[in-house]
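Here is the structure we will look at, set down as structure tokens.
In our numbering, the protein residues as written are -2 to 331.
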């Protein structure tokens, strides 16, 4: 019998609290490092979280990898923050700022959101964010975006439903506080490290686990916050229950467009997937305390443990599992 773990709601269904700055593939690696007794288990995940998002993620072990689609179709609950007055090409802090805007007063922005909150509730078509994994002509949207070719394609939409959206709190942060928080979030990714062009072409990948343009992004944030004439910034705190496939980043971006001042998702925290709760999840290390990006001052060159390597291993394992269960099923049918 397999050893039980405190974060498993049932054998093979593992709940973990993903930190900011960690990709889902890195999260699996962290879990296996923390639980070496599980290294022989086949582990995948159900439902992604962006690098800047944190909260509940479901890891699947053994034959539970076949439940991936079932679990991805569960409703999600989020607590999230929207920073008004700024916008980026990713709709969160990990993006290139698009310059200064006219900013209404804080009272005007709060009044508009309160009066129009219900317009964000219900079923509607939501365009995918340019930096997402949705595919057009066989390529991920984020690849089109990074190459500056979004004008050559039509960005698809997805039908979503926002069941509940509640404004919980309104807070003000200073420019210094904003810079500290933005830098802390982005620094958790670790040092920027690009994938060689040859590997990009061979594998069809646009970036490695640590190629998020963070150097350029931090420079633009620094320059923008030096220029900005307002020294206090409005952050709205929300709670939402949404259908699978809903992008919280896109809700924030829509608010900014309608206010004509820009807005972005400043913090996204997933608290529930269906009936599964963050309160039952295992805490994982943040990148702040688990930075093994460099050895003797040089970048790690080994491909082992990179996002692309882990993705390839996970894909191979899923394929083997599917074939195994197909063969068993075929044998039983006969």
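Heads up, the beta-carbon is just placed ideally off N, CA and C, and yes, glycines get one too. On a predicted model such as this, the values are computed, not experimentally measured, just so you know.
Per DSSP, residue i is paired with what?
i: residue 116; result: None, per the DSSP bridge assignment.
i: residue 15; result: 52
i: residue 73; result: 239, 270
i: residue 335; result: Any question about residue 335 goes unanswered here, given that the chain covers just -2 to 331.
i: residue 121; result: 157
i: residue 87; result: DSSP, once it has assigned bridges, lists no residue as partnering residue 87.
i: residue 265; result: 77
i: residue 133; result: 136
i: residue 102; result: In the DSSP output, where bridge partners are listed per residue, residue 102 has none listed.
i: residue 375; result: Nothing in the structure corresponds to residue 375, since the chain is present only between -2 and 331.
i: residue 332; result: Absent from the structure is residue 332, since the part of the chain shown begins at -2 and ends at 331.
i: residue 163; result: 236
i: residue 8; result: None, per the DSSP bridge assignment.
Can you grab the Cα-Cα spacing for the pair residue i / residue j, in whole Å?
i: residue 23; j: residue 31; result: 12 Å
i: residue 96; j: residue 223; result: 12 Å
i: residue 117; j: residue 111; result: 11 Å
i: residue 238; j: residue 103; result: 26 Å
i: residue 134; j: residue 166; result: 42 Å
i: residue 121; j: residue 158; result: 6 Å
i: residue 98; j: residue 91; result: 19 Å
i: residue 101; j: residue 265; result: 24 Å
i: residue 19; j: residue 107; result: 32 Å
i: residue 10; j: residue 25; result: 13 Å
i: residue 37; j: residue 254; result: 48 Å
i: residue 332; j: residue 178; result: Because the chain in this structure spans residues -2 to 331, residue 332 falls outside the shown range and cannot be described.
i: residue 27; j: residue 152; result: 34 Å
i: residue 280; j: residue 273; result: 15 Å
i: residue 244; j: residue 154; result: 11 Å
i: residue 176; j: residue 226; result: 15 Å
i: residue 198; j: residue 105; result: For residue 198, the predicted model reports a pLDDT of 41, less than 50, meaning its position is unreliable; a value from the coordinates is still stated below. Their backbone Cα atoms lie some 49 Å apart in a straight line.
i: residue 144; j: residue 251; result: 24 Å
i: residue 174; j: residue 278; result: 30 Å
i: residue 68; j: residue 220; result: 42 Å
i: residue 8; j: residue 215; result: 42 Å
i: residue 76; j: residue 119; result: 18 Å
i: residue 64; j: residue 156; result: 22 Å
i: residue 72; j: residue 282; result: 26 Å
Verify whether the separation of the beta carbon atoms of residue i and residue j is less than 9 Å.
i: residue 78; j: residue 230; result: no
i: residue 86; j: residue 127; result: yes
i: residue 115; j: residue 164; result: no
i: residue 81; j: residue 217; result: no
i: residue 66; j: residue 161; result: no
i: residue 124; j: residue 247; result: yes
i: residue 241; j: residue 70; result: yes
Excluding the 5 residues flanking residue i on each side, which residues of the same chain have their C-beta closer than 7 Å to its C-beta?
i: residue 228; result: 171, 172
i: residue 249; result: 79, 88, 260, 261, 262
i: residue 109; result: 256
i: residue 186; result: 18, 48, 207, 209, 211, 284
i: residue 83; result: 94, 259, 261
Could you pull out every residue in the same chain whose Cβ sits closer than 8 Å to the Cβ of residue i, ignoring the five residues on either side in sequence?
i: residue 130; result: 45, 137, 138, 139
i: residue 232; result: 78, 79, 80, 81, 167, 168, 169, 170, 263
i: residue 142; result: 86, 127, 128
i: residue 29; result: 35, 36, 40
i: residue 132; result: 138
Take residue i and list the residues in its own chain whose beta-carbon comes closer than 6 Å to its own, dropping the five residues that flank it on each side.
i: residue 213; result: none
i: residue 21; result: 42, 45
i: residue 74; result: 238, 268, 269
Notebook entry, point to check: Between the stretch 5 to 24 and the stretch 44 to 57, do at least 3 Cβ pairs fall closer than 8 Å?
Noted result: yes
Check: On the three-pair Cβ rule with 8 Å, is the stretch 52 to 70 touching the stretch 257 to 270?
Finding: yes
Check: Should the stretch 144 to 152 be called in touch with the stretch 174 to 188, which here means at least 3 C-beta pairs below 8 Å?
Finding: no
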